[in-house]
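Numbering (the working numbering), first residue to last: 12 to 313. Ideal Cβ placement from N, Cα and C applies to all residues, glycine included. Report on one structure; see the data block that follows.
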């Protein structure tokens with residue numbers, strides 16, 4: 012089902028201050044660069060109760076987005092405090108408030124807690140909150156209202172370029188080699204494989220809406236032939252975290268868990284240890300057809 016999201020470029024600049032609303036929703040989102048803080052403090056929504064996201068720069072290409080999530084009865088003032096103290100290193104911030112006055116401190120605490128949990132579970136964010144925010148105590152009817160509020164924010168943030176609240180991409184229970192169309196979400200899952208007969212590399216994955224989930228026990232080249240790899244910092248982090256560990260024979264690295272990548276090329280580069288075109292490296296699991304050829308056929312059929 013389609014949804015309408017209204018975006019407004021406050022200063023006419025797509026990299027500047029942007030407001031976002033979902034039609035028939037009482038909530039309101041405002042995203043802006045840190046440098047624009049003084050320009051937004053006179054706006055009425057910044058003086059309301061709400062929650063906020065502080066978005067940091069990606070530590071490595073294809074990595075997880077650093078984010079701090081907070082709440083305040085005056086979100087603009089709280090952001091100003093963060094800027095002055097330099098405790099939080101962020102490049103942009105997003106304020107989530109309500110167009111009416113029905114969002115209370117208890118509501119904001121509930122939202123802060125839920126957003127923090129969702130972001131941690133998404134596997135797309137490094138949540139910088141040192142402790143998990145306390146869950147506000149709300150009546151059952153208010154909880155239902157806040158859960159609806161949360162769903163609208165989860166629609167808006169990806170439109171603004173932030174996927175930290177998207178559902179975690181998990182391996183389907185009955186995963187085969189055929190493409191699968193999820194009935195409820197109308198999203199297509201594409202099982203993939205990556206093979207290198209010369210080196211004996213074997214990797215399996217699932218593609219969904221541009222993201223790649225490399226499956227546990229897939230292999231990566233431990234000693235690549237080429238030094239050029241823009242995803243090398245990401246690969247090194249996966250090794251530090253224990254997601255990639257050496258095989259007993261010493262030739263390969265093995266994935267210890269299903270691992271999400273932002274693109275087919277990011278996954279292929281980590282596996283090969285060098286830059287790679289993921290759309291031509293990955294092939295469909297059930298046929299000798301590249302992901303690029305499959306996607307080109309879908310595009311031509313529309």
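Nonlocal neighbours in the same chain, by C-beta distance under 8 Å from residue i, ignoring five residues either side
{"i": "residue 287", "result": "276, 279, 280"}
{"i": "residue 220", "result": "198"}
{"i": "residue 157", "result": "118, 121, 122, 125, 149"}
Spatial distance of residue i from residue j (CA atoms)
{"i": "residue 284", "j": "residue 163", "result": "39 Å"}
{"i": "residue 194", "j": "residue 165", "result": "Here residue 194 scores only 49 on pLDDT, less than 50, and its place in the model should not be relied on; the value that follows carries that caveat. Cα to Cα, the separation comes out at about 20 Å."}
{"i": "residue 22", "j": "residue 54", "result": "13 Å"}
{"i": "residue 252", "j": "residue 43", "result": "32 Å"}
{"i": "residue 130", "j": "residue 99", "result": "18 Å"}
{"i": "residue 64", "j": "residue 295", "result": "38 Å"}
{"i": "residue 230", "j": "residue 304", "result": "24 Å"}
{"i": "residue 147", "j": "residue 92", "result": "23 Å"}
{"i": "residue 260", "j": "residue 15", "result": "54 Å"}
{"i": "residue 169", "j": "residue 176", "result": "8 Å"}
{"i": "residue 49", "j": "residue 309", "result": "47 Å"}
{"i": "residue 183", "j": "residue 226", "result": "11 Å"}
Beta-bridge partners of residue i, as assigned by DSSP
{"i": "residue 77", "result": "137"}
Environment of residue i [buried if 16+ CB atoms lie within 10 Å]
{"i": "residue 25", "result": "exposed"}
{"i": "residue 199", "result": "exposed"}
{"i": "residue 152", "result": "exposed"}
{"i": "residue 112", "result": "exposed"}
{"i": "residue 314", "result": "This structure cannot settle anything about residue 314, because the visible part of the chain is limited to 12 through 313."}
Close Cβ partners of residue i (< 7 Å) along its chain, the five nearest in sequence each way excluded
{"i": "residue 140", "result": "79, 80, 127"}
{"i": "residue 206", "result": "212, 213"}
Candidates the options, of which the one nearest residue i by Cα
{"i": "residue 106", "options": "118, 293, 90, 94", "result": "90"}
{"i": "residue 161", "options": "123, 152, 311, 146", "result": "123"}
{"i": "residue 134", "options": "300, 295, 73, 303", "result": "73"}
{"i": "residue 103", "options": "14, 27, 60", "result": "27"}
{"i": "residue 86", "options": "40, 218, 179", "result": "40"}
{"i": "residue 257", "options": "269, 232, 270", "result": "232"}
{"i": "residue 30", "options": "96, 110, 13, 94", "result": "110"}
{"i": "residue 34", "options": "17, 46, 67, 84", "result": "17"}
Own chain residues within Cβ distance below 6 Å of residue i, not counting five before or after
{"i": "residue 62", "result": "82, 107, 119, 122, 123"}
{"i": "residue 71", "result": "244, 245"}
{"i": "residue 223", "result": "216, 272, 275, 278"}
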